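A.B. asks: Protein chains in written order, with the numbering used here: chain H, 61 to 280; chain D, 61 to 280.
Number of protein chains: 2
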Amino acid sequence: MKALVFDAYGTLFDVFSVTALCDRLFPGFGNELAQRWRAKQLQYTLLRSLMGRYRDFWGLTEDALVHSAKSLQLDLTASSRAELMESYLHLVAFPDVKLGLEQLRALGLRLAILSNGTNRMLSAVVERAGIRDLLDAIISVDYVKIFKPSPHVYRLTMVHLNADGSETGFVSANNWDIHGARSAGLKTFWIQRSAGEAPEELGYPATYVVSAITELVGWL
Amino acid sequence: MKALVFDAYGTLFDVFSVTALCDRLFPGFGNELAQRWRAKQLQYTLLRSLMGRYRDFWGLTEDALVHSAKSLQLDLTASSRAELMESYLHLVAFPDVKLGLEQLRALGLRLAILSNGTNRMLSAVVERAGIRDLLDAIISVDYVKIFKPSPHVYRLTMVHLNADGSETGFVSANNWDIHGARSAGLKTFWIQRSAGEAPEELGYPATYVVSAITELVGWL
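The following block contains the structure:
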């Protein structure tokens, strides 16, 4: 294994960091709004990819927020909308991220992010987490204008890292993302962040299952 | 307008007809299981289309059932699984369907179904609803091996019905399906089956919004 590529949202960065702000703006609806926002954001990446109507992850995340607020009949003002979108640039990294990446880097592996996010969105959260120096590349699907789990996206990593599928491991906490990467020819490591979470039935299960990034070093 | 094409699941046939059986097999979990099953089924159509790993709607509906039961930690026996899958062949038509189609047929319009379902699944529910004679065509995505909202799927209707986009109306209660059809060049009619349901933010809103199929005749 020469390189390890990480998904960003849900794997390195906690998308539910936004819940507290959701609840401050819409008391009693914070959790429901955050859950719907995330689910809708993912659904829009899939729908737009299949429609052949790409829109970048920033715009699509805002569309998902607008729809989710409407579906809950919440009055999303322009300032609340801007504040919630801004919070996406300040998502918190999970506690195992920095130490885990340091351990893997010490093994001599090339490390990268492969994400649906735009370069601007990814740079912001990477800087905030203090992990910029641990990464060889930050790869956005914005290069190919289609979202995961299109095989074109996963093949980007091989181009960027100059490594073939058998030399590249893909790490994600999103199980559908694991199926996509495995189907595209990469070795996969599923971070099962919730104990008992059922894997998807999509035909390309994870090569390895771990519960934290700090466990990866034991396998490599 | 020469032809009207209808989505099947959720538009003509109630996918939540399965809820009672879900609740008989798993008391107290019927509604949650039925909701998850439907959401996962749709998600799998999108994920597999984008992965380039088509599997027909029957197989994928069964995969979605298996995952949904596991996610609720329900013990899905082989016989319960078979019984639930069988129930998908007996979905009930909404009360406005037969009368609405008869009214539209009387206007001289060609009528068809365009659905993610397989031919076998669609034939079963069409026979049960007694609407076979009202339809000129039952078109399954299985011809093109990719699911909605791929534009290839919607363009199938023009081939089958020998009508171009401006002569073909597409009717669906699934709002994302409306965006897909409009993006592919069809006129669209959204059946808003739940009052207050928020439309999707995908850039291609419905040409017309009605609350039942029997209202379409007034527009045509």
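Where is the CB? At the ideal position from N, CA and C, for every residue including glycine. As the structure is a computational prediction, the values presented were derived from the model and not from experiment.
Taking only beta-carbon positions, decide if Ser243 (chain H) is within less than 8 Å of chain D.
C.D. replies: Translated into the one-based positions of the first sequence, residue 243 (chain H) becomes position 183. Judged by the 8 Å Cβ criterion, Ser243 (chain H) is in contact with chain D.
A.B. asks: Mind checking whether Thr79 (chain D) and Ala99 (chain D) have CB atoms under 8 Å apart?
C.D. replies: For this step, residue 79 (chain D) is matched to residue 19 along the second sequence. For this step, residue 99 (chain D) is matched to residue 39 along the second sequence. It is not a contact, given that the beta carbons lie outside the stated cut-off.
A.B. asks: What are the residues in the stretch 104 to 138 of chain H lying within 8 Å of chain D by C-beta distance?
C.D. replies: Tyr104, Leu106, Leu107, Arg108, Ser109, Leu110, Met111, Gly112, Arg113, Arg115, Asp123, Ala124, Val126, His127, Lys130, Ser131, Gln133
A.B. asks: Identify, in the order they occur along the chain, each residue of the same chain with its Cβ nearer than 8 Å to the Cβ of His212 (chain D), setting aside the five sequence neighbours on each side.
C.D. replies: Counting from one through the second sequence, the residue named residue 212 (chain D) turns up at place 152. Only Val204, Ile206 meet the Cβ criterion.
A.B. asks: If you drop the 5 nearest sequence neighbours on each side, which residues of the same chain put their C-beta closer than 6 Å to that of Leu85 (chain H)?
C.D. replies: Locating residue 85 (chain H) in the first sequence gives position 25, counting from the first residue. Closer than 6 Å at the Cβ level, and outside the excluded window around Leu85 (chain H), lie Ser140.
A.B. asks: What residue from H:Leu151, H:Tyr69, H:Asn176, H:Ala272 has the CA that sits closest to Leu216 (chain H)'s CA?
C.D. replies: The residue labelled residue 216 (chain H) in the question sits at position 156 within the first sequence. Leu216 (chain H) has its Cα closest to that of H:Asn176, out of H:Leu151, H:Tyr69, H:Asn176, H:Ala272.
A.B. asks: With DSSP as the reference, please indicate the residues paired to Lys100 (chain H) in a beta bridge.
C.D. replies: Taking the first residue of the first sequence as position 1, residue 100 (chain H) is located at position 40. Note: Lys100 (chain H) sits in no beta bridge, so no partner.
A.B. asks: Against chain D, which members of the stretch 162 to 176 of chain H pass a CB distance test of less than 8 Å?
C.D. replies: If the cut-off is 8 Å between Cβ atoms, the stretch 162 to 176 of chain H has nothing near chain D.
A.B. asks: Could you tell me the boundaries of the alpha helix (DSSP H) in which Ser131 (chain H) lies?
C.D. replies: Within the first sequence, numbered from 1, the residue matching residue 131 (chain H) stands at position 71. Unbroken alpha helix (DSSP H) run through Ser131 (chain H): 117 to 131.
A.B. asks: Can you pull the chain D neighbours of Ser210 (chain H), defined as C-beta to C-beta under 7 Å?
C.D. replies: On the first sequence, position 150 is the one that residue 210 (chain H) refers to. Near Ser210 (chain H) (Cβ distances below 7 Å), the residues of chain D are Leu110.
A.B. asks: Quick one: Cα of Arg253 (chain H) to Cα of Pro259 (chain H), how far?
C.D. replies: In the first sequence, residue 253 (chain H) corresponds to position 193, counting from 1. In the first sequence, residue 259 (chain H) corresponds to position 199, counting from 1. Near 12 Å, if we compare the C-alpha coordinates of Pro259 (chain H) and Arg253 (chain H).
A.B. asks: Using the Cα positions of Ile191 (chain H) and Pro87 (chain D), report the straight-line distance between them to the nearest angstrom.
C.D. replies: Numbered from its first residue, the first sequence carries residue 191 (chain H) at position 131. Numbered from its first residue, the second sequence carries residue 87 (chain D) at position 27. Ile191 (chain H) and Pro87 (chain D) have their C-alpha atoms spaced approximately 49 Å apart.
A.B. asks: Between the alpha carbons of Val231 (chain H) and Val65 (chain H), how many angstroms are there, rounded?
C.D. replies: Here residue 231 (chain H) refers to the residue found at position 171 of the first sequence. Here residue 65 (chain H) refers to the residue found at position 5 of the first sequence. Spanning the two alpha carbons is a distance of roughly 6 Å.
A.B. asks: Closest to Glu257 (chain D) by C-alpha separation, out of H:Ala124, H:Gln133, H:Cys82, H:Leu102, would be which residue?
C.D. replies: In the second sequence, the residue the question calls residue 257 (chain D) occupies position 197. When only C-alpha atoms are compared, the closest one is H:Gln133.
A.B. asks: Is Glu227 (chain H) close to chain D, meaning its C-beta is less than 8 Å from at least one C-beta of that chain?
C.D. replies: The residue labelled residue 227 (chain H) in the question sits at position 167 within the first sequence. Not an interface residue.
A.B. asks: So, Leu276 (chain D) versus Leu164 (chain D), is the Cβ gap smaller than 8 Å?
C.D. replies: Walking along the second sequence from the start, residue 276 (chain D) turns up at place 216. Walking along the second sequence from the start, residue 164 (chain D) turns up at place 104. Yes.
A.B. asks: From the DSSP output, which residues share a beta bridge with Arg113 (chain D)?
C.D. replies: To locate residue 113 (chain D), count along the second sequence from 1; it is residue 53. The bridge partners DSSP lists for Arg113 (chain D) come to none.
A.B. asks: Could you list the residues in the stretch 180 to 209 of chain D with a C-beta less than 9 Å from some C-beta on chain H, going in chain order?
C.D. replies: Ile206, Phe207, Lys208, Pro209
A.B. asks: Using the rule of at least 16 other Cβ atoms within 10 Å of the residue's Cβ for burial, across every protein chain shown, is Val185 (chain D) buried or exposed?
C.D. replies: Along the second sequence, read from residue 1 onward, the residue named residue 185 (chain D) stands at position 125. So Val185 (chain D) ends up on the buried side.
A.B. asks: Looking only at its own chain, which residues have a Cβ that is under 6 Å from the Cβ of Glu122 (chain D), when we skip the five neighbours before and after it?
C.D. replies: Your numbering for residue 122 (chain D) matches position 62 in the second sequence. Excluding sequence neighbours, Glu122 (chain D) sits near Met145.
A.B. asks: Is it right to say Ser96 (chain H) is buried, meaning 16 or more other beta carbons lie within 10 angstroms of its own, or is it exposed?
C.D. replies: Numbered from its first residue, the first sequence carries residue 96 (chain H) at position 36. Looking at the sequence provided, one finds Arg at residue 96 (chain H) rather than Ser. Counting Cβ neighbours within 10 Å, Arg96 (chain H) comes out buried, since at least 16 surround it.
A.B. asks: Does DSSP put Ser200 (chain D) in a helix, a strand or coil?
C.D. replies: Within the second sequence, residue 200 (chain D) is the residue found at index 140, counting from 1. Reduced to three states, the DSSP call for Ser200 (chain D) is strand.
A.B. asks: Where do the N-terminal and C-terminal ends of the alpha helix (DSSP H) with Thr217 (chain H) fall, by residue?
C.D. replies: Counting from 1 along the first sequence, the entry for residue 217 (chain H) is found at position 157. Here the alpha helix (DSSP H) through Thr217 (chain H) covers 211 to 221.
A.B. asks: Please tell me whether Ala142 (chain D) has its Cβ less than 8 Å away from any Cβ of chain H.
C.D. replies: Along the second sequence, read from residue 1 onward, the residue named residue 142 (chain D) stands at position 82. By this cut-off, Ala142 (chain D) is not an interface position.
A.B. asks: Please state whether DSSP places Tyr148 (chain H) in a helix, a strand or coil.
C.D. replies: As a position in the first sequence, residue 148 (chain H) is number 88, starting the count at 1. Helix.
A.B. asks: In the structure shown, what three-state DSSP assignment does Lys205 (chain D) receive?
C.D. replies: The residue labelled residue 205 (chain D) in the question sits at position 145 within the second sequence. Coil, per DSSP.
A.B. asks: What is the residue span of the alpha helix (DSSP H) that Gly160 (chain H) lies within?
C.D. replies: For this step, residue 160 (chain H) is matched to residue 100 along the first sequence. Unbroken alpha helix (DSSP H) run through Gly160 (chain H): 157 to 166.
A.B. asks: Between the stretch 238 to 272 of chain D and chain H, which residues of the former have a C-beta closer than 9 Å to a C-beta of the latter?
C.D. replies: His239, Gly240, Ser243, Ala244, Gly256, Glu257, Ala258, Pro259, Glu260, Glu261, Leu262, Gly263, Tyr264
A.B. asks: Please confirm if Trp236 (chain H) has its CB atom under 8 Å from at least one CB of chain D.
C.D. replies: Indexing the first sequence from 1 puts residue 236 (chain H) at position 176. Trp236 (chain H) counts as touching chain D.
A.B. asks: Measuring alpha carbon to alpha carbon, tell me which residue in D:Leu262, D:Ala255, D:Thr274 is nearest Leu294 (chain H).
C.D. replies: Chain H is shown only over 61 to 280; residue 294 (chain H) falls outside these bounds and no answer can be derived.
A.B. asks: Counting along the chain, where does the beta strand (DSSP E) carrying Trp250 (chain H) start and finish?
C.D. replies: Numbered from 1 along the first sequence, position 190 holds the residue referred to as residue 250 (chain H). Run containing Trp250 (chain H): 247 to 251, per the beta strand (DSSP E) assignment.
A.B. asks: Pull the bridge partners of Gly229 (chain H) from the DSSP assignment, please.
C.D. replies: The residue labelled residue 229 (chain H) in the question sits at position 169 within the first sequence. According to DSSP, Gly229 (chain H) bridges with H:Leu64, H:Lys247.
A.B. asks: Taking only three categories from DSSP, how would you classify Ser254 (chain H)?
C.D. replies: Counted from its first residue, the first sequence places residue 254 (chain H) at position 194. Coil.
A.B. asks: May I have the straight-line CA-CA distance separating Leu81 (chain H) from Leu182 (chain H), to the nearest angstrom?
C.D. replies: The sequence position of residue 81 (chain H) within the first sequence is 21, counting from 1. The sequence position of residue 182 (chain H) within the first sequence is 122, counting from 1. So the alpha carbons of these two residues sit roughly 20 Å apart.
A.B. asks: Kindly list the residues whose CB is nearer than 8 Å to the CB of Phe89 (chain D), restricted to its own chain and excluding five residues on each side of it in sequence; keep chain order.
C.D. replies: One-based indexing of the second sequence puts residue 89 (chain D) at position 29. Cys82, Asp83, Leu132, Leu134.
A.B. asks: Could you tell me which of D:Met111, D:Ile273, D:Ser147 sits nearest to Thr71 (chain D), measuring between CA atoms?
C.D. replies: Locating residue 71 (chain D) in the second sequence gives position 11, counting from the first residue. The residue with the shortest Cα to Cα distance from Thr71 (chain D) is D:Ile273.
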